[in-house]
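Numbered by numbering that gives the first Met the number 0, the letters in the sequence shown go through residues 0 to 294 in order.
Beta carbons are placed, not taken as given, at the ideal position from N, Cα and C, and that holds for glycine.
A quick write-up on the structure given underneath.
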Amino acid sequence: MNISTYLNQPFSLFNSNKNKWTYVLSSTVFALFFLLLFQPYGLSEEITNPINSSLSISIFFLSVSIISFLGLSTSQFLIRNWLNFKTVSVKKYAKWFFIEALIITLLNFVFSFFIPDLGNDFEKELNLIFQIKIYFKVVFVLLFPFLGCVLYFLVKDLNYEIKELETQLKSFKIQFTPSQREVPLVFKDENNNTDFSIDLEDFLFAESSNQYILVYYLKEGLVKKHIVRNRMKNFLSQIENLPIIQCHRSYSVNLLNVKHKTKKGGKQSLAINTTEPLFVPISKSFLSVINQKLA
């Protein structure tokens, strides 16, 4: 997948209220602890400066938390709803991230009229260059919790999909008794003549290439391959009512031998239940069909 395609994909990780609150709270906590622990942007000098009392330092860090929380919660729960900014692409939400940083910067400017910055140099805060620097500082600090939440939500969604498919597969496999799994699966060539046959439970998946089908199957616990001169559509027409389904333009898989769904090389795949790792790719066009079959 190239960058352009990825940037135009839908971005929905921050649509649910639960995910929004996770992002808002984690960003608020991160901003506070980042400034406390690392004291960047000259904070260490300001904290040790005798002109700043312990109370003013505490108020400053409290204001950072309040500004972060108010800015992000306003952006996520009010402004996004007002602008109907929900179903958008990755590229559009990336732009929104910078707008969100601007909202926090503006809120920080408003707060500076009531809560002076460390050093009590209010005139400096009215300088445009100073506010631009604040904006880029906000972008930098906000970037870490934002990317952390994106990664967390992606892994969480992927684990949910894996568990959901595993549950569906277990339910599906129960429907087939041991005797049904041992029925012979006959592979015919393009002339409708029998090429070879195996037990249904030993068939793993088939891969098509032009006028040939490469059959993957188990024999005495080992993965074997056999080439049949036939097309995938002809093969699929011969195995109706069996737990074999097409998951890709070039692949069909035996659902009885699927372990779970995963990502391989950034693409959705089905992990085959074998001792050696085998993965069958899933096309987006076949994903809904697989879910319906397992429902």
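Between the alpha carbons of residue i and residue j, how many angstroms are there, rounded?
i      : j      : result
Glu44  : Asn107 : 21 angstroms
Arg228 : Phe145 : 52 angstroms
Leu82  : Lys224 : 56 angstroms
Tyr211 : Ile226 : 7 angstroms
Val126 : Ile103 : In the sequence as displayed, the identity of residue 126 is Asn instead of Val. Each residue's alpha carbon lies about 17 angstroms from the other.
Thr21  : Cys148 : 8 angstroms
Lys263 : Gln237 : 30 angstroms
Leu34  : Ser74  : 22 angstroms
Ser52  : Ala93  : 39 angstroms
Phe10  : Arg79  : 14 angstroms
Asn18  : Val154 : 13 angstroms
Leu168 : Leu69  : 45 angstroms
Pro49  : Ile56  : 11 angstroms
Asn272 : Met231 : 22 angstroms
Val138 : Leu184 : 60 angstroms
Leu12  : Glu189 : 47 angstroms
Leu36  : Phe112 : 27 angstroms
Val277 : Glu165 : Residue identity check: residue 277 is Leu in the sequence provided, not Val. Using only the alpha carbons, I get a separation of about 17 angstroms.
Val23  : Asn7   : 25 angstroms
Lys172 : Gln38  : 57 angstroms
Glu160 : Leu42  : 44 angstroms
Asn240 : Asn191 : 19 angstroms
Ser64  : Leu101 : 16 angstroms
Thr193 : Arg180 : 20 angstroms
So residue i is in the alpha helix (DSSP H); what residue range does that whole segment cover?
i     : result
Thr21 : 16-37
Val63 : 53-72
Thr47 : 42-47
Ser11 : Unbroken run through Ser11: none, as it is neither H nor E.
Ile2  : 2-6
When we look at the beta-carbon of residue i and count the other beta-carbons within 10 Å, is it buried (16 or more) or exposed?
i      : result
Pro242 : buried
Leu199 : buried
Val182 : exposed
Phe285 : buried
Ile244 : buried
Phe234 : buried
Leu54  : exposed
Leu255 : buried
Tyr216 : buried
Ile131 : exposed
Ser251 : buried
Leu269 : buried
Ile2   : exposed
Thr27  : buried
Ser207 : buried
Ile128 : exposed
My guess is that residue i and residue j are in contact by the Cβ rule of under 8 angstroms, so how many angstroms apart are they, rounded?
i      : j      : result
Lys260 : Gln267 : 7 angstroms
Val89  : Tyr5   : 6 angstroms
Ile281 : Cys246 : 5 angstroms
Asn253 : Phe175 : Their Cβ separation, rounded to whole angstroms, is 11 angstroms, which puts Asn253 and Phe175 out of contact at 8 angstroms.
Glu99  : Leu142 : Not really, about 11 angstroms apart at Cβ, beyond 8 angstroms.
Asn14  : Lys85  : 6 angstroms
Lys343 : Asp201 : The question about residue 343 has no answer, for the chain in this structure spans 0 to 294.
Ile66  : Phe110 : 6 angstroms
Val346 : Glu275 : Since the displayed the chain opens at 0 and closes at 294, residue 346 lies outside it and no answer follows.
Leu31  : Phe60  : 6 angstroms
Lys162 : Tyr40  : With a Cβ gap of about 43 angstroms, Lys162 and Tyr40 do not count as contacting.
Ile114 : Ile46  : About 16 angstroms; that fails the 8 angstroms criterion.
Got a sec, what are the start and stop residues for the beta strand (DSSP E) residue i sits in?
i      : result
Ser196 : 193-198
Lys85  : Here Lys85 belongs to no beta strand (DSSP E), and DSSP marks it neither H nor E.
Asn107 : Element bounds for Asn107: not the beta strand (DSSP E) but the alpha helix (DSSP H), 89-110.
Ile271 : 266-271
Ile114 : It is not in any beta strand (DSSP E) - Ile114 carries neither H nor E in the DSSP assignment.
Leu184 : 183-187
Ser251 : 250-253
Thr274 : Premise fails: Thr274 is in no beta strand (DSSP E) and is neither H nor E.
Ile244 : 243-247
Phe278 : 278-280
Which ranges does the alpha helix (DSSP H) cover as unbroken runs of at least 4 residues, wholly within the segment 193-240, from first to last along the chain?
As for any alpha helix (DSSP H) of minimum length 4 sitting wholly inside the segment 193-240, the runs are 231-237, ordered along the chain.
What residue ranges within the segment 126-150 form continuous beta strand (DSSP E) runs of no fewer than 3 residues, ordered along the chain?
Within the segment 126-150, no beta strand (DSSP E) run of at least 3 residues lies entirely inside it.
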